[in-house]
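Accompanying notes for the structure given below.
There are 2 protein chains.
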Amino acid sequence: MGSLDANPAAFPAFNNSVVDGSFQPLNPDDVRAYLHKAVDFITEYYSNVESMPVLPDVKPGYLQDELTASPPAHSAPFDVTMKELRASVVPGMTHWASPNFFAFFPSTNSAAAIAGELIASAMNTVGFTWQAAPAATEMEVLALDWLAQLLRLPTSFMNRTGAGRGTGGGVILGTTSEAMLVTLVAARDAALRRSGSDGVSGITRLTVYAADQTHSTFFKACRLAGFDPANIRSIPTGADTDYGLDPAKLLEIMQADADAGLVPTYICATVGTTSSNAVDPVGAVADVAAMFNAWVHVDAAYAGSACICPEFRHHIDGVERVDSISMSPHKWLLTCLDCTCLWVRDAHRLSDSLETNPEYLKNDVTDSGEVTDLKDMQVGVGRRFRGLKLWMVMRTYGTAKLQEHIRSDVAMAKTFEGLVRADDRFEVVVPRNFALVCFRMRASGAMTEEVADEMNRVLMDRLNKSGKAYLAHTVVGNRFVLRFAVGSSLQEERHVRSAWELIKKTTAEIMEEPIMQ
Amino acid sequence: MGSLDANPAAFPAFNNSVVDGSFQPLNPDDVRAYLHKAVDFITEYYSNVESMPVLPDVKPGYLQDELTASPPAHSAPFDVTMKELRASVVPGMTHWASPNFFAFFPSTNSAAAIAGELIASAMNTVGFTWQAAPAATEMEVLALDWLAQLLRLPTSFMNRTGAGRGTGGGVILGTTSEAMLVTLVAARDAALRRSGSDGVSGITRLTVYAADQTHSTFFKACRLAGFDPANIRSIPTGADTDYGLDPAKLLEIMQADADAGLVPTYICATVGTTSSNAVDPVGAVADVAAMFNAWVHVDAAYAGSACICPEFRHHIDGVERVDSISMSPHKWLLTCLDCTCLWVRDAHRLSDSLETNPEYLKNDVTDSGEVTDLKDMQVGVGRRFRGLKLWMVMRTYGTAKLQEHIRSDVAMAKTFEGLVRADDRFEVVVPRNFALVCFRMRASGAMTEEVADEMNRVLMDRLNKSGKAYLAHTVVGNRFVLRFAVGSSLQEERHVRSAWELIKKTTAEIMEEPIMQ
């Protein structure tokens, strides 16, 4: 590949998107033709992805070796671009859309979401203020209010309630990390104010808290916001609480900090940790936090989607007492990347820290105070038409189908869990809460736990190298554990069963080998 | 609208995306059907957008009044979603894609970019590590290296040079604000280390600098990173430097801070300010910064795209002496939102502050140090397949067409500037550097400047209310100024000329009115 440009004579004077001698990058005929080619590619991709190796066999630098090192001087037919995509890009993909993908959390997706993102890309609005994109701003507010209803969030988190405009509000961000960052900054500024800090000098006294199972991005977000690394408390958890945060331990540590003259500022509670889907007790954490006037944020990035089903809703019980909650429909609610929803109980507490008011964005509607300018609830100023795809998912599929989707994934995970439990070479390491099964080969006979760890590592590597499945791992209670995450959107029960057959077969092979005896 | 759900009997048992009794959200037939409907909508939209009011006549809350307040319980045909989009969303859009859009900076776009984003949405990979998405990671690196070549950035900013792997690197982010934030944090941590700070206690001594024309999001990014608001220096500019930063003033203020025991940490230089397209002298700023070991970041969000043309490249002369530079192809390089490119001279200076290493992402390739894991150069962990659309734009159109696109926009802006200069009721307020013309009605006769300000405000309001053009404003040298930004991707010279006719006609009407006499 890449030779096309090395041989420019192949397309010496190709002149695409040119009408009447001038370059028209959005000529409607070209738009239609290019997008139809893209749609052909996508449907072909979905039809074939099952047979492609989930994890590709490529080496670092492979793409630079295949494509030209420099941009082409002249234009080429769009077919050339698509040909290089097929020949060089696809073989180097880790196929998150593969039904044999069981790693991380799946990035679920749907026809309605992709169509929504496509339309948003074409309209290409920048919704920093209400005036700059009224429909985009209102659609985002509406989609968040709808999703809040699906999650049965209290009306205090909603922009508009039956009684009119509420004090709460939401915003769609790119990642959970951003949701953490903006709420950390709001909490930081509030704590500085109430502790009488001169400027930011009091920041060295502010402390933040999270269970040791919390995603490492929380600790990064704290550092981004300027918190002292020495003041970030990682609270130990164990098997006794299924790796959820123990409120008694939290209280003890917060009280000790307060007694030492520090200012407990922020607690991150996770519902469905990345490592093992542990759940921190939201209500109990909120009760402890209230004693110190600390901000409580709930990170329900993955498992939040399950809470649209009544049978899972109890995992966020107590949410009415927290300050903010975020979850990511791009993980488990059929909405392609990126889409992280953040709700706060008092939108002004965010905008107090995040508002900007440059001259060129001043307008009567903003001045009236009647609207939310979404730039004041996020890191940056510019923003896509973020609400459209989320609305299209809810509008098209409806609550019942979205619930069916969650339940179907959970049912498949239960099936897998049952298969694991029925095979005494394996153990399920922590209780399965949602659609993630954490399991491992047991240390059998005289085998040490260290040897078992190594066997599990070998098992994972062989599975992943086979191209027929992709699993990730974690460490729980000092043990190497395999994560089997169900839910890739093309996945059916047969894929789960095939993966289990592959696991059993590979395990048998490993156990035959001398090194493991 | 919205009555569809109030009358559920209309779609009592519609069962979309259901095959063999189970819900298949990515069924290839549905994907094709939905996307073809979306493509039809888009081509129809581009064909008609010229005739739609650029700025809609809607009131806050309008969309909530039109659509149902709660999510539908059951699914509906995708046509229902599209019908509501057409009926309720489109009339409330500010049409950034309209050729009559002259506000802010245009969000330029192209068929190749939209197709690239569509494919990325469908593949829906999460490229936090190289292993999780090799092709996506490498494509992003390649696209940034290509664009660096178009901009003639020094090889020190590139990931791969003729001599092998470089020390530099880049990443694609969502907004310039994020580029500022991550570099501010890297500079902050480096300054804390070299000033011997105990944890973050030294943060109160760190100072940052930018001209008073710098985008307000810089000051917000500084506050996000924990800098003391009292230590953020806004350096006054004036007509004598065309509102560019005066290096002598910068030196004076930095020296005074250093003499007072403070630690000059970071300077943001802008090439093409949002307000009036002022240009800070990059090389001279870098020379001053070097005396204090301060980080220099160049924000070329808009005008950076112009620097792919040799005749504009001089605006970033001296870039080889700065630490980082960012520009946004989503503004002026035909790449739909969002796409902000950040390059740093030493990628490790970013990752030192931004690296995380959770167990579930550990893998051999990362451990080898051979690859860049892009999560370590950004705020969050998750990330879209960000490089694809940018590569598709460069691959499809080639350098020559991209340059032609920039030159065509600049030529149209020159045309408009000439029309303004030829009419003595108007003045061009600052020199036009790129495709933005800042102009105003003059204070004529005995008219005070304050009355002229009011007349210009009335002119803008009437133009925008007409639906036939949309302009934004700024304040330069205490005067209210109209911003006429050329370059919306469907725009042709006839639209620029029509807008000028409308401006002349509206001005004549205003001048006839008693209040303005």
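The listed protein sequences derive, respectively, from chains E and P. Quick note on numbering: the working numbering labels position 451 of the first sequence as 459, and the sequence is numbered without any gaps. Quick note on numbering: the working numbering labels position 349 of the second sequence as 357, and the sequence is numbered without any gaps. Beta carbons are placed, not taken as given, at the ideal position from N, Cα and C, and that holds for glycine. This one's a predicted model, so the numbers in the text were calculated from it and none came from an experiment.
Any C-beta of chain P under 8 Å from that of residue i
i	result
P237/E	yes
E458/E	no
R314/E	One detail in the question is off: residue 314/E reads as Ala in this sequence, not Arg. For A314/E, the answer is no, since every Cβ of chain P falls outside 8 Å of its Cβ.
Y274/E	no
K422/E	no
N132/E	yes
W303/E	no
T514/E	no
A140/E	yes
N117/E	yes
P68/E	yes
Y42/E	yes
Residue nearest to residue i in terms of C-alpha spacing, selected from the options
i	options	result
E52/E	T364/P, M147/P, D38/P	D38/P
A443/P	T514/P, T222/P, M420/P	M420/P
R321/P	K409/P, D346/P, G291/P, N301/P	G291/P
W399/P	F235/E, T183/E, P79/E, R502/E	P79/E
A516/E	E501/E, F434/E, R505/E	F434/E
R353/P	G207/P, T116/P, T191/P, K67/P	T191/P
E363/E	S416/E, E458/E, C317/E, V193/E	V193/E
T76/P	A454/E, E146/E, R465/E, L382/E	E146/E
C347/E	Q499/E, T116/E, S474/E	T116/E
N167/P	G252/P, Q72/P, V379/P	V379/P
Q411/P	S25/P, L158/P, K91/P	L158/P
W340/P	G100/P, W508/P, V494/P	V494/P
I511/P	M449/P, R231/P, V484/P	M449/P
Test item: CB-CB of residue i and residue j under 8 Å
i	j	result
G178/P	L152/P	yes
G174/E	K397/E	no
A314/P	V97/E	no
S242/E	D220/E	yes
S332/E	H305/E	yes
T343/P	V418/P	no
R403/E	T212/P	no
G395/E	L345/P	no
H82/P	A408/E	yes
P99/P	P64/P	yes
G135/E	A128/E	no
Below-8 Å beta-carbon distance, residue i vs any chain E residue
i	result
R168/P	yes
I211/P	yes
M335/P	no
M402/P	yes
K473/P	no
R502/P	no
D38/P	yes
H481/P	yes
Same chain, Cβ closer than 6 Å to residue i, neighbours up to 5 away in sequence not counted
i	result
A119/E	none
F19/E	At F19/E, the pLDDT of 48 sits below 50, so the modelled position is not reliable and the matter cannot be decided from this model.
S55/E	none
T225/P	S185
W303/P	A195, Y274, D331
D431/E	none
Spatial neighbours of residue i in its chain, beta-carbon cut-off 7 Å, leaving aside the 5 residues before and after
i	result
H323/P	V279, V287, A311, C315
S11/P	Residue confidence is low: S11/P scores 37 on pLDDT, short of 50, so the model does not pin down where it sits. No coordinate-derived value is stated.
M468/P	L479, H481, L490
D325/P	V290, G291
P439/E	D250
T514/E	L467, R470, L471
Chain-order list of residues whose beta-carbon lies under 8 Å from that of residue i (same chain, five-residue window excluded)
i	result
V436/E	E425, V428, R429, V445, C446, F447
G234/E	R196, V208, I211
K422/P	R440
R465/E	H481, F488
Check: residue i C-beta below 7 Å from any heavy atom of the ligand HEM
i	result
T76/E	By its list of ligands, the structure shown contains no ligand whatsoever, and the ligand HEM lies outside what it can speak to.
Where the region 192-223 of chain P meets chain E: residues whose CB sits under 9 Å from a CB there: V193, R196, D197, D206, G207, V208, S209, I211, T212, H223
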